[in-house]
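To convert, count from 1 in the sequence shown and add 5; that's the numbering used here.
The C-beta atom is built at its ideal place from N, Cα and C for all residues, glycine as well.
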Amino acid sequence: MKRKIGIDKTGIKEEDKEIAVDILGKLRNGERVFGNPGEGLKKTLKNIDEKIQKSKSSDPLEWTIVDKDLIKEKNLAKAGLSGEQQLAEYIEKIVKNDPELHGITFFASLSENYQDHLEESGYIPDTDFIAVYGNNIMILDAKNIRVQEDSPLYIIENKLMSLNTVLMELSPSNYFWENLFLKEGLDVKTDGCVVIISQSKALIFKNQEWYISPCKPVYIGDLRQFLLDWINKIEDNKISLRLLVFLSKMQIKKNEQKISYGRTIDRFKR
Numbered sequence: 006m007k008r009k010i011g012i013d014k015t016g017i018k019e020e021d022k023e024i025a026v027d028i029l030g031k032l033r034n035g036e037r038v039f040g041n042p043g044e045g046l047k048k049t050l051k052n053i054d055e056k057i058q059k060s061k062s063s064d065p066l067e068w069t070i071v072d073k074d075l076i077k078e079k080n081l082a083k084a085g086l087s088g089e090q091q092l093a094e095y096i097e098k099i100v101k102n103d104p105e106l107h108g109i110t111f112f113a114s115l116s117e118n119y120q121d122h123l124e125e126s127g128y129i130p131d132t133d134f135i136a137v138y139g140n141n142i143m144i145l146d147a148k149n150i151r152v153q154e155d156s157p158l159y160i161i162e163n164k165l166m167s168l169n170t171v172l173m174e175l176s177p178s179n180y181f182w183e184n185l186f187l188k189e190g191l192d193v194k195t196d197g198c199v200v201i202i203s204q205s206k207a208l209i210f211k212n213q214e215w216y217i218s219p220c221k222p223v224y225i226g227d228l229r230q231f232l233l234d235w236i237n238k239i240e241d242n243k244i245s246l247r248l249l250v251f252l253s254k255m256q257i258k259k260n261e262q263k264i265s266y267g268r269t270i271d272r273f274k275r
């Protein structure tokens, strides 16, 4: 049974009314996913490819050796893009088929201004997905990694661990978004998780730190229940149109190119 969800249309700025009307129309048509998944990583891959091309010699008689670090960065970015695509597909599936998730809205690939935040490595820092429910958001960071089913994953001081080994450093963006909401005058409660995408089931050990972490590791197969547990704790589920407009404006614009990244990615809107 679908939840009864109202829409708060107050506080919309005059210059944002066109965006608000567009989003409102999509919501009434049942759309709940917006954006271009993996857009930051597509731009990252483009930057890396440009670096690789520049590193090649213009002399046709000279053998070119490509920087191993660039190849490693490219492979990591491609794996990350695949992870975001898989997460996008799963999000679309559960939102469409689970009436209990009615009322959650998802935005993909968000950044304040990716040109201003371009790192020296060529990566485009962005937020993979944001789930919105009332005046609450859940930041979702996709991580496409290989895991062993019998080796639990856990978190210590924003480090993803397994068998006392650091798999990767996690960089929660909660504080970044909290500061932006504060400047915008939006009262938003933030939380976050790292969605582990793997071909084998990932066993997550929920230690004490997991419950207070802004980047809780969650296996993708458990994401639906994780989101249900999250929204069931929220009393006011009224959709804030002003918040949706703000997040819509923060999305990285689509990089028009002829490469196809999958049907699901093309189905996400705005």
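Are the beta-carbon atoms of Ile225 and Tyr95 separated by less than 9 Å? Counted from its first residue, the sequence shown places residue 225 at position 220. Counted from its first residue, the sequence shown places residue 95 at position 90. Yes; because the gap between Cβ atoms is below 9 Å, this pair is in contact.
Give the straight-line distance between the Cα atoms of Pro157 and Glu174, rounded to the nearest whole angstrom. Numbered from its first residue, the sequence shown carries residue 157 at position 152. Numbered from its first residue, the sequence shown carries residue 174 at position 169. In a straight line, the C-alpha of Pro157 is about 17 Å away from that of Glu174.
For Gln5, three-class secondary structure by DSSP: Shown here, the chain extends from 6 to 275; a query on residue 5 therefore has no answer.
Inter-residue Cα distance where the pair is Glu19 and Ala136: Taking the sequence shown and counting its residues from 1, the one referred to as residue 19 is at position 14. Taking the sequence shown and counting its residues from 1, the one referred to as residue 136 is at position 131. So the two alpha carbons sit approximately 25 Å from each other.
Start and end of the alpha helix (DSSP H) containing Asp54? For the purposes of this step, residue 54 is taken as residue 49 along the sequence shown, with counting starting at 1. It spans Glu44 to Ser60 - the alpha helix (DSSP H) in which Asp54 sits, taken as one unbroken run.
Beta-carbon within less than 8 Å of Lys79's beta-carbon, same chain only, minus the 5 sequence neighbours each way: which residues are those? Within the sequence shown, residue 79 is the residue found at index 74, counting from 1. Closer than 8 Å at the Cβ level, and outside the excluded window around Lys79, lie Leu50, Ile53, Asp54 and Ile57.
Using the C-alpha atoms, what's the distance from Pro219 back to Phe210? Here the question's residue 210 lines up with position 205 in the sequence shown. Here the question's residue 219 lines up with position 214 in the sequence shown. In a straight line, the C-alpha of Phe210 is about 16 Å away from that of Pro219.
Where does Val104 fall in DSSP's three states? Position 99 of the sequence shown, counted from the first residue, corresponds to residue 104. Here residue 104 is Pro; the residue named in the question, Val, does not match the sequence. If DSSP states are grouped into helix, strand and coil, Pro104 belongs with the helices.
Taking Lys188 as part of the alpha helix (DSSP H), name the residues at either end of that continuous run. As a first step, residue 188 is located in the sequence shown; it is residue number 183 there, counting from the start. From DSSP, the alpha helix (DSSP H) with Lys188 extends over Asn179 to Glu189.
Out of Tyr216, Leu249 and Leu248, point me to the one whose CA is closest to Asp234's CA. As a first step, residue 234 is located in the sequence shown; it is residue number 229 there, counting from the start. It is Tyr216.
May I ask which residues mark the beginning and end of the beta strand (DSSP E) holding Gly197? Residue numbering aside, residue 197 sits at position 192 when the sequence shown is read from its first letter. Run containing Gly197: Lys194 to Ile202, per the beta strand (DSSP E) assignment.
Quick check: what's the CA-CA separation for Ile24 versus Ser63? If you number the sequence shown from 1, residue 24 lands on position 19. If you number the sequence shown from 1, residue 63 lands on position 58. Near 48 Å, if we compare the C-alpha coordinates of Ser63 and Ile24.
Secondary structure at Asp131, three-state DSSP: helix, strand or coil? The residue given as residue 131 occupies position 126 in the sequence shown. In the structure shown, Asp131 sits in coil (DSSP, three-state: anything other than H, G, I, E or B).
Lys14 and Leu246: beta carbons closer than 9 Å? Here residue 14 refers to the residue found at position 9 of the sequence shown. Here residue 246 refers to the residue found at position 241 of the sequence shown. Closer than 9 Å, so yes.
So, under 8 Å CB-CB, Ile150 and Ile76 are touching, yes? Tell me the CB distance rounded to an integer number of Å. In the sequence shown, residue 150 corresponds to position 145, counting from 1. In the sequence shown, residue 76 corresponds to position 71, counting from 1. Their Cβ separation, rounded to whole angstroms, is 19 Å, which puts Ile150 and Ile76 out of contact at 8 Å.
Which partner residues of Gly40 appear in the DSSP bridge assignment? Locating residue 40 in the sequence shown gives position 35, counting from the first residue. According to DSSP, which records beta bridges pairwise, Gly40 is partnered with Ala113.
Can you check whether the CB of Ala93 is closer than 9 Å to the CB of Gly45? Here residue 45 is taken as the residue at index 40 of the sequence shown, counted from 1. Here residue 93 is taken as the residue at index 88 of the sequence shown, counted from 1. Contact: no.
Applying the 10 Å Cβ sphere with the 16-neighbour rule, what's the burial state of Ser126? If you number the sequence shown from 1, residue 126 lands on position 121. Summary for Ser126: the model assigns pLDDT 42, below 50, so the residue's position carries little reliability; its value from the coordinates is reported in the next sentence. Answer is exposed; the Cβ neighbour count stays below 16.
Do the CB positions of Ile10 and Ile239 come within less than 9 Å of each other? If you number the sequence shown from 1, residue 10 lands on position 5. If you number the sequence shown from 1, residue 239 lands on position 234. Not closer than 9 Å, so no.
Could you tell me which residues DSSP pairs with Pro222 in its beta bridges? In the sequence shown, the residue the question calls residue 222 occupies position 217. DSSP output for Pro222 lists Val199 as bridge partner(s).
Among Ile12, Ser253 and Lys148, which one has its Cα closest to the Cα of Gly108? Taking the sequence shown and counting its residues from 1, one reaches residue 108 at position 103. That would be Ile12, whose Cα lies nearest to the Cα of Gly108.
With a cut-off of 9 Å, does the C-beta of Leu187 fall near any C-beta of chain C? No chain C is part of this structure, which consists of one protein chain only.
Spatially closest choice to Asp241 from Ala147, Phe111, Asn141 and Gly190, by CA coordinates: Numbered from 1 along the sequence shown, position 236 holds the residue referred to as residue 241. Comparing Cα-Cα distances from Asp241 to each of Ala147, Phe111, Asn141 and Gly190, the minimum goes to Asn141.
Please go through the same chain and pick out, in chain order, the residues whose beta-carbon is closer than 8 Å to the beta-carbon of Asp192, but skip the five residues on each side of it. Counting from 1 along the sequence shown, the entry for residue 192 is found at position 187. Result list for Asp192: Asn140 and Phe186, in chain order.
Lys73 to Lys59, Cα distance in whole Å? Translated into the one-based positions of the sequence shown, residue 73 becomes position 68. Translated into the one-based positions of the sequence shown, residue 59 becomes position 54. Rounded to whole angstroms, Lys73 to Lys59 spans 14 Å at the Cα level.
With C-beta atoms as the reference, is Phe134 less than 9 Å away from Glu89? Within the sequence shown, residue 134 is the residue found at index 129, counting from 1. Within the sequence shown, residue 89 is the residue found at index 84, counting from 1. Cβ atoms of Phe134 and Glu89: closer than 9 Å.
What does Asp13 pair with, by DSSP beta-bridge criteria? Locating residue 13 in the sequence shown gives position 8, where the first residue counts as 1. Paired residue(s): Ser245.
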